[in-house]
Amino acid sequence: MLLHHLTVPVTDFHDGTGWEAKPEGMCKGDVCVPVQGATTTDGMLDVGRVAQRLGMALEEDPVAGVWALGPESGGRALTTAVAPELELPDADGNPFRLSAMHGRKVLLVAWASW
Amino acid sequence: MWQALHEEIDPLGVTVVTVALDVDPVKARPWIERAAPTHPSLVDVEHRVDDLFGISNVPMAVWIDETGTLVRPAEAATIRPSPYAAIEITDRMPERMQQVLTEMRNLPDTGEAYRAAILDWAQRGADSRYALGPDAVIAASRPRPIEHSRAAACFELGRHAHERGDDDAAIAWWKQAHALFPENWTYKRQAWTLASTPEGADSDKAQEVQDVYGTSWSDEFLAVGGAGYTVTPDL
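Those protein sequence lines, which keep their order, are chains P and V. By the working numbering, the letter at position 45 of the first sequence is numbered 46, and the numbering carries on one by one without gaps. By the working numbering, the letter at position 181 of the second sequence is numbered 907, and the numbering carries on one by one without gaps.
Structure, rendered in structure tokens:
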């Protein structure tokens, strides 16, 4: 996830990482991790604090003035078996949400031109 | 190929969703137009499915059931028998080609078994022995140390540099990503093809990028061998 600031709206963080701020902590699927001081009352999230707790690498590009946040680490590639939301465009730019497939089985196949 | 499978399993309740890992969507478009898919066919310029599902090469797939639960982790997704067994390797070929073809024959030939597993799941759902429970699917996904998270962040900074036209910076970030997570071939093949493809041409698969990355696809493929190149489905 690309970041221009290290304090971001909780909704942006959820869309970018799959981790949602809830009263019980930061949650992804059925997994919740308590993180002290993760959020402020105005709906903003302290990226550095959450990243440290969840093992998310935070790399800075000082030339471009941006950061990138890696996925949670320290366990397996899948933290939970609950599929995260995936919102991507098709080749014409039409948005698709994986959650729209609820009720169907999905074979999600990654390929590339290379 | 995926369109044909979709037509076969869509009536059984399975939708194929393809995701193209291409930082330049224009590279994926001709392939998508030729396939004329009736299933969702997406473009993932950030390689988000690497982070979200543990994709590390292509083609790889995950299975998701009707409730939105993963029932198989990211694994090599071929659905045809390997074509390499039928290729005769002769002394008349350049030595490098002989070596590469020999290792291609060592790629696990799981196409028929994987295809059969998909059909079994399509027909039997949760009763299919190939559909794993939640704990098993997590345990069967690959370990993710902090280095892999750093690699993802470096790859994303490289993509951002590429997007703004600073390819020198992109290459430096991508080299870091490759060193941190050498088993992720989507980071490597993506970066290499951009360096080796002539302007306006189709994506180059030979990826001889010694002058830029000090390596090449064949160097690294031979180093790991066919057996180490993919995440073989445990069926």
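By construction, the Cβ of each residue, glycine as well, lies at the ideal position given by its N, Cα and C atoms. Please read all numbers here as calculations on a predicted model, not as lab measurements.
- Chain-ordered, the chain V residues with CB closer than 7 Å to the CB of P:L79 read G780, L796, P799, V863, I864 and S867.
- No Cβ of chain P is located within less than 9 Å of the beta carbon of V:H904.
- Beta-bridge partners of P:M27 (DSSP): P:A22 and P:V34.
- Taken in chain order, the unbroken stretches of alpha helix (DSSP H) that lie wholly in the region 918 to 943 of chain V and span 4 residues or more are 936 to 939.
- From the listed residues V:T793, V:S854 and V:A848, the smallest Cα separation to P:M102 is found for V:T793.
- Close CB contacts of P:R77 within its chain, under the 8 Å cut and outside five residues either way in sequence, are absent.
- DSSP places P:S100 in the helix class (H, G or I) of the three-state scheme.
- In terms of Cβ geometry, V:D748 and V:A878 do not form a close pair [threshold 9 Å].
- Straight through space, the alpha carbons of V:W900 and V:D893 are spaced by roughly 10 Å.
- With respect to the 9 Å criterion, V:L883 and P:A65 are classified as neighbours on the basis of their beta carbons.
- In the pairwise beta carbon analysis, the region 76 to 96 of chain P is classified as touching the region 861 to 873 of chain V: at least three pairs are separated by under 8 Å.
- Taking the CA atoms as reference points, P:E60 sits about 12 Å from P:V48.
- Following the DSSP letters along the chain, one finds V:A862 in no beta strand (DSSP E) but inside the alpha helix (DSSP H) bounded by residues P860 to A866.
- In chain order, P785, T836, G837 and Y840 place their CB closer than 7 Å to the CB of V:T804, counting only its own chain and leaving out the 5 sequence neighbours on each side.
- Secondary structure in the region 783 to 834 of chain V: the beta strand (DSSP E) runs of 3 residues or longer, each lying completely within the stretch, are 786 to 790 and 796 to 802 in chain order.
- The three-state secondary structure of P:R77, taken from DSSP, is strand.
- The C-alpha of V:A852 lies about 12 Å from the C-alpha of V:I844.
- Straight through space, the alpha carbons of P:T41 and P:R50 are spaced by roughly 12 Å.
- Closer than 9 Å to the CB of V:G954 there is not a single CB belonging to chain P.
- Cβ atoms of V:V826 and V:S944 come within 8 Å of each other, at about 5 Å.
- Look at V:T958 here: in three-state DSSP terms it is coil, with no helix or strand label.
- Selection P:L89, P:L108 and P:L55 evaluated against P:P35 yields P:L55 as nearest (Cα-Cα).
- If you check each beta-carbon in the region 799 to 816 of chain V against every beta-carbon of chain P, the ones closer than 8 Å belong to P799, A800 and A803.
- V:L731 is the residue among V:L731, V:E909, V:G954 and V:E801 whose C-alpha sits nearest the C-alpha of V:V742.
- Assignment of beta-bridge partners to P:D91 by DSSP yields V:L768.
- The residues L99, in chain order, have a CB closer than 6 Å to that of P:L87 in the same chain once the five nearest residues on each side in sequence are set aside.
- Residue contact check for P:W115 against chain V: a CB pair falls below 9 Å.
- Closer than 7 Å at the C-beta level to chain P, one finds these residues of the region 727 to 755 of chain V: W728, G739, V740, T741, V742, V743, T744, V745, A746, L747, D748, P751, K753, A754 and R755.
- A Cβ-Cβ separation of about 18 Å leaves V:Q936 out of contact with V:S929 under the 8 Å criterion.
- With a cutoff of 9 Å on beta-carbon distance, P:V107 and V:I864 are scored as not near each other.
- At a cut-off of 9 Å between beta carbons, V:V826 makes no contact with chain P.
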